[in-house]
Amino acid sequence: MTAGGIRALPPVALAAMMLVLLTARLAAQQDDDATRCVICHRAAREALEATDHAALWADPDRARAGCTVCHVDAELHASAARDPAARPVTPPAVESASCRRCHGAAASEPARARHPWRPRSERERREELPADAETRAATMPAPDPATIDWSGLVEAGYRFVEQSGSEGRFATDVNLDDGARLFDAEFEATGAMLGGALDHAELRAHDIDDPYSRIHARLGLDEVWSSSADLQQRRFRYRASGDFHRVDLSERIVALTGSVTLTESIRAFADFTRTRAESFWLTNRIGDRNTTPQTTVDGVVSPRRLDGDEFSVGMAATRGAVELEAAGGFRSERLLERWTFDRPSTVPGIRDAEDFRSRSTTSGPVGRLTLRYRGDDSDVVVRGRLLELQRTVDGDGTRSGVSTEPFATSTTSRTDADASTALLDVRARTELGSHITWSTDLGWRLHRETARFDLLDRTSFPDSGTVVETRDRRTLDLAQRRLDARTQLEIRPLESLSGTLGYGFQRDFLRVPRLDPGSPDFVEGTAYDHGLLAGIAWRPDEAWSLGAQYEGYARSGALLHELEEDDAQRVRVDVERRGEWSRVHAGYRGERASRRIADHDRQRDSVTLDGSLTPADGDLELLASWTFIRSESRTLTSFWFDPDPDPVPTIVGFTGDTHVGALGLDWRPRDDLGIRIDVAAASTRGSFDVDSFDVRAAIDWRLTEGGSAALTARQIAYHEAGGRDDYDATIIVLAWRQTFGRRRDD
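Residue numbers for the sequence shown, in the working numbering: 963 to 1708.
Here it is as structure tokens:
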């Protein structure tokens, strides 16, 4: 199931379907922990075969546990990877306690068991030669293409797209065009190149000329120097009917990085990022503010352009168990915006028109510092970032029309602002014994901004001959102080049982300027929440596993808006049974969150059942999943809404139920032939009613050595209440995939 069909759903169903399909796809391959890890870390598995620990795979019990024999926290990492809504979990490095599980009380160094995925570098080969310089030079092999391992692949083809119904909704959800495409291209080489100055090169390109494409290149000499370049392009279109907005966005991001090893423990690096974005918005504006009730102006044209650059240089040093990285740089951003419309007014001969431009620049120094300590029984990371930015906004424009009489207004404005943001993250993990681990996470944010605002309006009334000037000068202050912390103990009384118990809290002070006298909007206040953290993981045998987590406090991130939660509870329960040829999983997710200041409440409950079946021959995999989601959210706000533009407090939100079902079949009747079928359906009933259906069938047939042909057919149907955005689409892709390469041992 690709992202295009998923985006055809409303947000609540989108999240559910992404979760279900990702879980189902991974579930089919999760016969054991090792296989699950190989899905993403195949190279690490292959590298392990070259170490003494390759013998683990000969032990059936340990082979089934796989990577978790040493990486004991991989379960949390894998669970988060299966849940798109979860916060990513980075497993800590292997600790000495893991070694003691097999080696007893004998001294052990986890670093000695490392299994990096890359081959040995040319520098490592040189270090194995005799120390005498003359002997080294005599025994050094001359660079030869035969000493280079290289491989690559190219997948290209043609996409046919046929669509009927709402073109705007299809463009919003799927955003795919027909034509020739380069879907994937990869090339990688390792070995002595350019006289030994280079030992690895890599080039990857994905989905060229599609809405989301990327090109990545990397060169280097291991432990001497490295460089990389990334180009990402994104095109986004929003064309849903019934809304006064339309968006066309084209964005390009170029990122360059480089590093040089100065000594055995010191490395210098630099990075540069350039962002270019052009967009066209068809939106609306508030009409003449002198009329009651106020009206909106639809069809306002608003082209925009953003140019941004950021660079930094720094040093990284390692001494024993301590790692230090420091960098400083500069950020610059320029934004041009325009709003314009021209239409007949209610008075013949008078135009209702506006043409307003805004130019803003943001620039200033940025810095970051990272300190890490890696001990035998503990790991502590401290990360800090500081931004000192100045912003200037210049605006000017004209407005003409009729209120009580014809008028023409010219406006000039200028805003100068100074902003300072400091971010600090601290993560610590230490073993208190062979069965107890203590961990702490702390996040702190301090933001202050002062803006000096000066606006001059000059309005002339030709009929009366009068001119009115209005000047608005004010200083606006914004501030936020946020602390988010959690600490917990992990206890493993048994090999098959572990539990966590801890405490978390967040405190958020926010002050925003009051723009209009008497406005009911939030201006200043403090949100505070705290609660219990608890979890349990139990694997009574190889087949069954049970996990449950509870989180009793709000932590939705450092956001500068009124929806920052000040009360939340989250519950997660998973039960799983793995057989030799099957897997069944049941899960529950519950969430309650609120913000008293803005009268914001959100509740969400979901139940998921999914499973997979693999017959004895292993050539067929069957997948099935179902998710039910009940959502309810409400927020009291005073935004402008069409068709009533008066800013009155309004309750907005969503209430409804969503069902998402998915079936999958992966069949390989022969070694050279593969068949894949995915079917997904979603239905939402509540504040709005939406049904979607997405089916995809793919055939992959290897016809030559390293070459295979693929045919993919996909049918999408989207229907909503009222039918304005209904559409059906058929997408067919014909592609050829060719792999090539050579290894030195071939």
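All C-beta atoms, glycine included, are put in the ideal place defined by N, C-alpha and C.
Classification of residue i by the beta-carbon crowding that lies within 10 angstroms, buried from 16 upward
i: Phe1702; result: exposed
i: Ala1264; result: Sequence check: residue 1264 is Ser here, not Ala. So Ser1264 counts as buried.
i: Leu1463; result: exposed
i: Gln1195; result: buried
i: Ala1683; result: exposed
i: Thr1308; result: exposed
i: Leu1696; result: exposed
i: Arg1545; result: buried
i: Ala1644; result: buried
i: Leu1495; result: buried
i: Thr1374; result: exposed
i: Val1284; result: exposed
i: Arg1267; result: exposed
i: Phe1292; result: exposed
i: His1162; result: buried
i: Gln1352; result: exposed
i: Met1277; result: exposed
i: Asp1628; result: buried
i: Arg1540; result: buried
i: Leu1665; result: exposed
i: Ala1505; result: exposed
i: Leu1635; result: exposed
i: Tyr1689; result: buried
i: Arg1319; result: exposed
Backbone secondary structure at residue i - three-state DSSP
i: Ala1133; result: helix
i: Gly1158; result: helix
i: Asp1690; result: strand
i: Gln1125; result: strand
CA nearest to the CA of residue i, picked from the options
i: Glu1272; options: Ala1279, Thr1280, Arg1236; result: Arg1236
i: Arg1361; options: Thr1354, Ala1370, Arg1353; result: Ala1370
i: Ile1661; options: Gly1684, Asp1687, Arg1632; result: Arg1632
i: Tyr1515; options: Glu1553, Tyr1680, Ala1548, Arg1539; result: Glu1553
i: His1439; options: Thr1373, Thr1421, Leu1472; result: Correcting the residue type first, residue 1439 is Asp in the shown sequence and not His. The shortest Cα separation from Asp1439 among Thr1373, Thr1421, Leu1472 belongs to Leu1472.
i: Arg1229; options: Ala1289, Thr1597, Ile1215; result: Ala1289
i: Gln1677; options: Leu1297, Ala1691, Glu1285; result: Ala1691
i: Ser1568; options: Glu1594, Asp1425, Leu1144, Ile1693; result: Glu1594
i: Asp1619; options: Asp1651, Trp1543, Val1641, Val1695; result: Asp1651
i: Val1535; options: Ala1191, Gln1511, Phe1234; result: Gln1511
i: Val1123; options: Thr1674, Gly1685, His1681, Arg1699; result: Thr1674
i: His1562; options: Trp1543, Glu1226, Ala1489, Ala1548; result: Ala1489
i: Leu1589; options: Tyr1689, Asp1581, Asp1579, Arg1566; result: One point to set straight first is that residue 1589 is Thr, not Leu, in the sequence displayed. Nearest option by C-alpha distance: Arg1566.
i: His1547; options: Arg1558, Arg1532, Thr1576, Ser1587; result: Ser1587
i: Gly1497; options: Val1474, Pro1475, Arg1630, Tyr1465; result: Tyr1465
i: Arg1376; options: Gly1357, Thr1366, Leu1385; result: Gly1357
i: Ile1170; options: Phe1318, Thr1432, Tyr1689, Gly1119; result: Gly1119
i: Asp1653; options: Gly1668, His1621, Asp1581; result: His1621
i: Val1537; options: Pro1502, Gly1669, Arg1558; result: Pro1502
i: Asp1314; options: Gly1363, Arg1143, Arg1540, Trp1301; result: Gly1363
i: Glu1148; options: Tyr1174, His1178, Ser1175, Leu1115; result: Leu1115
i: His1699; options: Asp1146, Thr1383, Val1262, Leu1138; result: According to the sequence as given, residue 1699 is Arg; it is not His. Looking at the Cα atoms, Asp1146 is the closest of the given residues.
i: Ser1426; options: Asp1378, Ile1398, Pro1368; result: Pro1368
i: Ser1458; options: Ser1507, Asp1572, Gln1442; result: Ser1507
i: His1397; options: Ser1460, Arg1410, Thr1437; result: Ser1460
i: Ser1340; options: Ala1384, Leu1349, Leu1394, Asp1380; result: Leu1394
Chain B contact for residue i (CB, 8 Å cutoff)
i: Ser1212; result: The chain inventory of the structure shown lacks chain B, comprising one protein chain alone.
(Q) I'd like the ranges of any beta strand (DSSP E) spanning at least 3 consecutive residues and lying wholly in the segment 1324 to 1397. (A) Unbroken beta strand (DSSP E) runs of no fewer than 3 residues, entirely contained in the segment 1324 to 1397, are found at 1340 to 1364, 1368 to 1393, following chain order.
(Q) At 4 residues or longer, what runs of the alpha helix (DSSP H) sit wholly inside the segment 1530 to 1612? (A) Taken in chain order, no unbroken stretch of alpha helix (DSSP H) lies wholly in the segment 1530 to 1612 with a span of 4 residues or more.
Q: Would you check if the segment 1447 to 1458 and the segment 1407 to 1420 touch, i.e. whether three or more CB-CB distances between them fall below 8 Å?
A: A contact between stretches requires three or more CB pairs, one per stretch, nearer than 8 Å, and the segment 1407 to 1420 fails this requirement with the segment 1447 to 1458.
**Q.** Every unbroken alpha helix (DSSP H) within the segment 1223 to 1264, with a cutoff of 4 residues, ordered by chain
**A.** Here no run is fully enclosed.
**Q.** Within the segment 1425 to 1454, ranges of the alpha helix (DSSP H) (whole runs, at least 4 residues)
**A.** Listed in chain order, nothing qualifies, since the segment 1425 to 1454 has no complete alpha helix (DSSP H) run of 4 or more residues.
Q: Taking 8 Å as the threshold, find out whether the segment 1341 to 1355 comes into contact with the segment 1382 to 1395 through three or more Cβ pairs.
A: Three or more pairs of CB atoms, one per stretch, sit closer than 8 Å, so the segment 1341 to 1355 contacts the segment 1382 to 1395.
Q. Does the segment 1295 to 1302 come within contact of the segment 1322 to 1338, defined as at least 3 CB pairs closer than 8 Å?
A. Output reads yes: the segment 1322 to 1338 touches the segment 1295 to 1302.
Q: For the segment 1152 to 1167 and the segment 1180 to 1195, state whether three or more C-beta atom pairs, one from each stretch, are separated by less than 8 Å.
A: Touching, yes, given that three or more Cβ pairs across the two stretches are closer than 8 Å.
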